[in-house]
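Please read the structure below before turning to the comments.
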Amino acid sequence: MNHNVLKDITRVNRTNQFIYYLRSIKPLRKVIYTNIYEKTDQKKKLGRVVSVFHFIRIVVNQFVYLFIVFGLIAKIFPSVPIAFIWLLLVLLGCCINTISTDDSKEKWTLIRSFKVDYQSYYMFRMRNDFIERMLYAIVMMSTVLMYNQSFWIALMMGLFVMASKIIAEGIDLTYFDRYHEKIKGSYKIGFMLVLTLSVGGLYLLNLLSDHLFLIVTCITVVGAIGFIIRNPFNASDIHEAYGLTMLQRTRPDESLAEINLKTTQETLRIDDDYNLERSNRVLNHQEGYSLLNRLFLERHRRLWFKPLRFRFVIILVAMLLSIVVLWGMRILFPNEFIDVSKTLSTEIFKSIGPYIFVVYLLNIGESMTRAYYLNCDSKLLNYAFYRRPEIIWKQFLGRLGTLVTLNLIPLLPIILGVVFMVSVEFIVPVRGEVMMFILTLILLSIFFSVHNLLMYYTLQPYNESMQEKGILYNLMKILVVMVAYNGNRLSSVPNLNIWLSIITTVYFVLGVFCVRMFSGKTFKIRK
Numbered sequence: 006m007n008h009n010v011l012k013d014i015t016r017v018n019r020t021n022q023f024i025y026y027l028r029s030i031k032p033l034r035k036v037i038y039t040n041i042y043e044k045t046d047q048k049k050k051l052g053r054v055v056s057v058f059h060f061i062r063i064v065v066n067q068f069v070y071l072f073i074v075f076g077l078i079a080k081i082f083p084s085v086p087i088a089f090i091w092l093l094l095v096l097l098g099c100c101i102n103t104i105s106t107d108d109s110k111e112k113w114t115l116i117r118s119f120k121v122d123y124q125s126y127y128m129f130r131m132r133n134d135f136i137e138r139m140l141y142a143i144v145m146m147s148t149v150l151m152y153n154q155s156f157w158i159a160l161m162m163g164l165f166v167m168a169s170k171i172i173a174e175g176i177d178l179t180y181f182d183r184y185h186e187k188i189k190g191s192y193k194i195g196f197m198l199v200l201t202l203s204v205g206g207l208y209l210l211n212l213l214s215d216h217l218f219l220i221v222t223c224i225t226v227v228g229a230i231g232f233i234i235r236n237p238f239n240a241s242d243i244h245e246a247y248g249l250t251m252l253q254r255t256r257p258d259e260s261l262a263e264i265n266l267k268t269t270q271e272t273l274r275i276d277d278d279y280n281l282e283r284s285n286r287v288l289n290h291q292e293g294y295s296l297l298n299r300l301f302l303e304r305h306r307r308l309w310f311k312p313l314r315f316r317f318v319i320i321l322v323a324m325l326l327s328i329v330v331l332w333g334m335r336i337l338f339p340n341e342f343i344d345v346s347k348t349l350s351t352e353i354f355k356s357i358g359p360y361i362f363v364v365y366l367l368n369i370g371e372s373m374t375r376a377y378y379l380n381c382d383s384k385l386l387n388y389a390f391y392r393r394p395e396i397i398w399k400q401f402l403g404r405l406g407t408l409v410t411l412n413l414i415p416l417l418p419i420i421l422g423v424v425f426m427v428s429v430e431f432i433v434p435v436r437g438e439v440m441m442f443i444l445t446l447i448l449l450s451i452f453f454s455v456h457n458l459l460m461y462y463t464l465q466p467y468n469e470s471m472q473e474k475g476i477l478y479n480l481m482k483i484l485v486v487m488v489a490y491n492g493n494r495l496s497s498v499p500n501l502n503i504w505l506s507i508i509t510t511v512y513f514v515l516g517v518f519c520v521r522m523f524s525g526k527t528f529k530i531r532k
């Protein structure tokens, strides 16, 4: 199929989506009527505007991404050559974003609705991706020079962007041609893990340099040239087999929303092997909404028990190893032990900042709220009694107690380990530091528990297909991740533990108040 035809179809799809989003805004719905979908001339003009906005969005996203890499990450890790961090991120993107793994609405509309053969779509996407990569290379080179990197490094980065894309797509097609299946995700994870450890090892050996980056880029370019000569990209038999494999994974009439819902249902499904005897004991000892919540936990043990057990064991093993190492040092190397003990006594309690991200990662609130909606609330919210404010409030309190309890479990090894180290004088903190440390950890765990439920009850982002449609909800998620990830940068704030305790307490009170006042209007089924 001609690329111009595919380009026109893609532009029309984007224009229709743009009109849909405009009409979803109530004031604009009165001005933009439904018959605009049928007005070809107006849609052509609007299509040009949409294309311009699409181009601007690509450029802006690229500048934002490069600012994060060279402006923020470079400052967080000033001693690490930023070119290698950027290289790892590019390779990670290449592993994830191959054309075959793309599940965008645009792809499935073209393949299913317009009966586009897979090779035509692949070559169309390959062409568009290369145009975007060339644009990215230009933007990146200007950004790199702006951050005082050398011209040769900027040029090599531009070549690496193009070459890595060719290699990723070439390996993807070659692997399928040989083994008749897609590359497994575990292989990609293993590759990135080995690559990251290799870069880390070279960094510790002080071998990362501009010369090494140039050598890696040259090897990548040579590999890309090899794939261009071999040219698996135009092999029609590979594309035909690949396309059939992808289409067989789903029904021809299955929408993206149904695919997303099916995946979510599989992830958050009720346990297949739940204990009926244990459920019966719950029935005999609980009643009302406490019974509903307890049964929910019993039927979803796979969702919360296994992750918590895994995290608990990992942290427990890490703490036990630390205790054994310190004990051995005190017996065998007493002088070195004194230095290590002084350092730990200072650094562990110096600031709670680095622990913010740890507590965030240990939190299971988001997966639990998704399960609450899919397997419970999405059905019960159809009944008027379940939408009553007092019922919502009662459910919120019950679930809050559950989440707070569950999220505290992985922190127990940290708390008990620190208390034990202090009791046997492995570390000697200033008086009162241990209690403040433990209190702040507990309050941080409560903070994330309250935050997940607050966002769920006041914004309720999930629609019938379990897609997150709330813009404010997604912005809050990004904000929380950024704050948690940059927690170590807050270490310089004076009395950070006290401030975090105050902020967490205030947020808890405000969160509970907001749920009490507004959830009756906001907690509802989103179409």
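All letters in the sequence shown, in the order written, are residues 6 to 532 by my numbering. By construction, the Cβ of each residue, glycine as well, lies at the ideal position given by its N, Cα and C atoms.
Exposed unless 16 or more other CB atoms sit within 10 angstroms - verdict on residue i
i: H305; result: buried
i: S410; result: The question names Ser, but residue 410 is Thr in the sequence shown. It is exposed - the Cβ of T410 has fewer than 16 other Cβ atoms within 10 Å.
i: Y25; result: exposed
i: D258; result: Per-residue confidence for D258 stands at a pLDDT of 48, beneath the threshold of 50, marking its modelled position as unreliable; no derived number is given.
i: H456; result: buried
i: V74; result: buried
i: R299; result: buried
i: T463; result: buried
i: D13; result: exposed
i: S510; result: Here the sequence assigns Thr to residue 510, which means Ser is not the residue at that position. It counts as exposed.
i: V149; result: buried
Straight-line gap, residue i to residue j (C-alpha atoms, nearest Å)
i: L386; j: L33; result: 29 angstroms
i: L402; j: I396; result: 10 angstroms
i: S350; j: N500; result: 17 angstroms
i: I530; j: N468; result: 7 angstroms
i: F23; j: F60; result: 14 angstroms
i: V429; j: R307; result: 38 angstroms
i: D122; j: Y180; result: 21 angstroms
i: V439; j: I503; result: 13 angstroms
i: F452; j: V330; result: 33 angstroms
i: S214; j: Y141; result: 24 angstroms
i: S327; j: Y70; result: 38 angstroms
i: M426; j: M324; result: 10 angstroms
i: L261; j: G52; result: Summary for L261: the model assigns pLDDT 49, below 50, so the residue's position carries little reliability, and this model does not support an answer.
i: K48; j: S84; result: 52 angstroms
i: R130; j: G195; result: 27 angstroms
i: V65; j: T445; result: 39 angstroms
i: S241; j: Q124; result: 6 angstroms
i: F362; j: V485; result: 10 angstroms
i: Y461; j: E371; result: 9 angstroms
i: M162; j: M146; result: 7 angstroms
i: G228; j: A489; result: 39 angstroms
i: F513; j: L210; result: 46 angstroms
i: N21; j: S191; result: 38 angstroms
i: V54; j: F354; result: 55 angstroms
i: Y294; j: R392; result: 14 angstroms
i: Y184; j: I101; result: 19 angstroms
i: F528; j: T15; result: 36 angstroms
Identity of the residue in the options nearest residue i by Cα
i: D382; options: P466, F72, Y184, A323; result: P466
i: L93; options: V199, R53, Y180, I483; result: V199
i: K347; options: M460, E303, I432; result: I432
i: L448; options: G525, R404, M481, I507; result: I507
i: L212; options: K35, M145, F89, A489; result: F89
i: S524; options: G422, G437, W398, I414; result: W398
i: N380; options: E341, L367, L302; result: L302
i: Y126; options: L11, L367, F442, E341; result: L11
i: N133; options: V435, A389, N9, V423; result: N9
Beta-carbon spacing of residue i, residue j below 7 angstroms
i: E174; j: T103; result: yes
i: V226; j: A168; result: yes
i: L505; j: S454; result: no
i: S450; j: V364; result: yes
i: G516; j: L477; result: no
i: I414; j: L313; result: yes
i: K170; j: R138; result: yes
i: N412; j: N479; result: no
i: P86; j: L178; result: no
Any C-beta of chain B under 7 angstroms from that of residue i
i: V520; result: You won't find chain B in this structure, because it holds only one protein chain.
Contact the stretch 329-341 vs the stretch 370-380: 3+ CB pairs below 8 angstroms: no
Cβ contact check for the stretch 410-426 and the stretch 318-325: 3 or more pairs under 8 angstroms: yes
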